[in-house]
Amino acid sequence: MKDENNLIDLSLYKLFYLVSQNKSFSKTAELLGITQPSISYSIKKLEDELGVSLFERGNGLVLTPEGEELLPYVEEALNTLYAGEKKVSDLINLKKGQISIGIPSHIGVFLLTDIMKKFNQEYPNIRFKVTCKPTKELFNSLNLNELDLLIDCSPLEDNIHDFIVKRITKEKCAFACNKKDKDLLDRVVSLKELNDKMLIVPLKTSSNTKFLTTVFEKRGLVLDPDFEITTSDMIAEMVDQEIGVGYLFEKTIEKYPNLRKIDVDCKLPEFDIFLIYKDSLLSTATKNFIDFVTKRYDIK
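Below, the structure is given as structure tokens:
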């Protein structure tokens, strides 16, 4: 162990490592924004302390055998220090980090709230910023690095080759009525009969309604809703107020005590739900959130 009165000057070893990588005093000086004589003086000081020459000066700058012997130890030590710094930074981020999530409201209403609640119990100081917009707008924000991750359902955007895409669950859609509407409960209802009701669906541009339109067309029917609503919450509220029959994810229907699922005479669309993100840009807090969701849904 080195004498405590003759402590190692780590800055000298860092300079030694940088010069060995750049093979130049002048280039290292330029990169660090200091003068070349300062670099030369520091290396000479380290050589004097060790009692050996570390570099052969000539037409080029190369390590001496002693320098070659020293280099891997210095590199290992610096890597250990960098790892320690990152660990400390990670701990700070887990105390003060923020996770920015984009999610369409019709998914967020049933999926995200419970996840954030349980994650917050483990990491109470992490802040969430949740943006609910149409898929195309959210995907653009993700592309611009304005979001850490996106949670959305199929079909996905075409241009996803730069992203990590993880399927976390599959969710079913269903029609719902108010529990007072006994005529639509405890039996199988045909699409034709539903088509004569006051239908409340998401916007026609949404993937949910596009797929539903196809289901109707296969039955020779034209989907002609009375209401097109942006948010699932509002659709559920309108069904709760007995305005009509709503089209929602089953998990959303379960969240409202006065809503009941209607059994229909055909298979309604199911959607895969995905996590989408750029792996290289994740903060520690976001990585922990993704790990948390992955374990929750037992993703392999």
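The number in this note's numbering is simply the position in the sequence shown, starting from 1, with 1 added.
C-beta atoms are modelled at their ideal positions from N, C-alpha and C, and glycine is treated no differently.
As the structure is a prediction and not an experimental result, all values here were calculated from the model.
Any non-hydrogen atom of the ligand NAP within 7 Å of residue i CB
{"i": "Asp115", "result": "Although the ligand NAP was asked about, the structure shown includes no ligands whatsoever."}
Nearest candidate by alpha-carbon position, reference residue i, set the options
{"i": "Asn144", "options": "Thr287, Arg297 and Ile277", "result": "Ile277"}
{"i": "Ser101", "options": "Phe120, Glu86, Val131 and Glu123", "result": "Val131"}
{"i": "Tyr14", "options": "Lys45, Thr36 and Leu32", "result": "Lys45"}
{"i": "Gly109", "options": "Asp153, Glu218 and Phe26", "result": "Asp153"}
{"i": "Thr285", "options": "Val216, Leu192, Lys96 and Ile161", "result": "Lys96"}
{"i": "Phe217", "options": "Leu16, Met235, Asn196 and Asp163", "result": "Asn196"}
{"i": "Leu186", "options": "Asn141, Pro258, Arg128 and Asp264", "result": "Asp264"}
{"i": "Met239", "options": "Gly52, Gly98, Ala84 and Leu200", "result": "Leu200"}
{"i": "Gly221", "options": "Leu192, Lys198, Asp241 and Met235", "result": "Leu192"}
Where residue i falls, given that 16 or more other Cβ within 10 Å makes a residue buried
{"i": "Tyr74", "result": "exposed"}
{"i": "Ser90", "result": "exposed"}
{"i": "Tyr42", "result": "exposed"}
{"i": "Glu172", "result": "buried"}
{"i": "Val223", "result": "exposed"}
{"i": "Tyr248", "result": "buried"}
{"i": "Asn146", "result": "exposed"}
{"i": "Gly245", "result": "buried"}
{"i": "Leu260", "result": "buried"}
{"i": "Asn289", "result": "buried"}
{"i": "Thr29", "result": "buried"}
{"i": "Ser233", "result": "buried"}
{"i": "Ala237", "result": "buried"}
{"i": "Val189", "result": "exposed"}
{"i": "Ile35", "result": "exposed"}
{"i": "Leu282", "result": "exposed"}
Cβ distance (whole Å) where residue i is taken to contact residue j below 8 Å
{"i": "Asp280", "j": "Ile165", "result": "5 Å"}
{"i": "Thr287", "j": "Leu150", "result": "6 Å"}
{"i": "Lys181", "j": "Glu138", "result": "The Cβ separation is near 37 Å, so there is no contact."}
{"i": "Ser54", "j": "Glu48", "result": "6 Å"}
{"i": "Ile169", "j": "Ile274", "result": "5 Å"}
{"i": "Glu57", "j": "Val63", "result": "5 Å"}
At least three beta-carbon pairs within less than 8 Å, the segment 225–237 to the segment 201–212: yes
The segment 171–184 in contact with the segment 253–272 per 3-pair CB rule at 8 Å: Yes, the segment 171–184 is in contact with the segment 253–272.
At least three beta-carbon pairs within less than 8 Å, the segment 70–84 to the segment 98–105: Taking 8 Å as the limit for Cβ pairs, the verdict is that the segment 98–105 does not touch the segment 70–84.
Those runs of the alpha helix (DSSP H) which lie wholly inside the segment 92–167 and span at least 4 residues: 106–123 and 136–144
Cβ contact check for the segment 198–206 and the segment 263–279: 3 or more pairs under 8 Å: no
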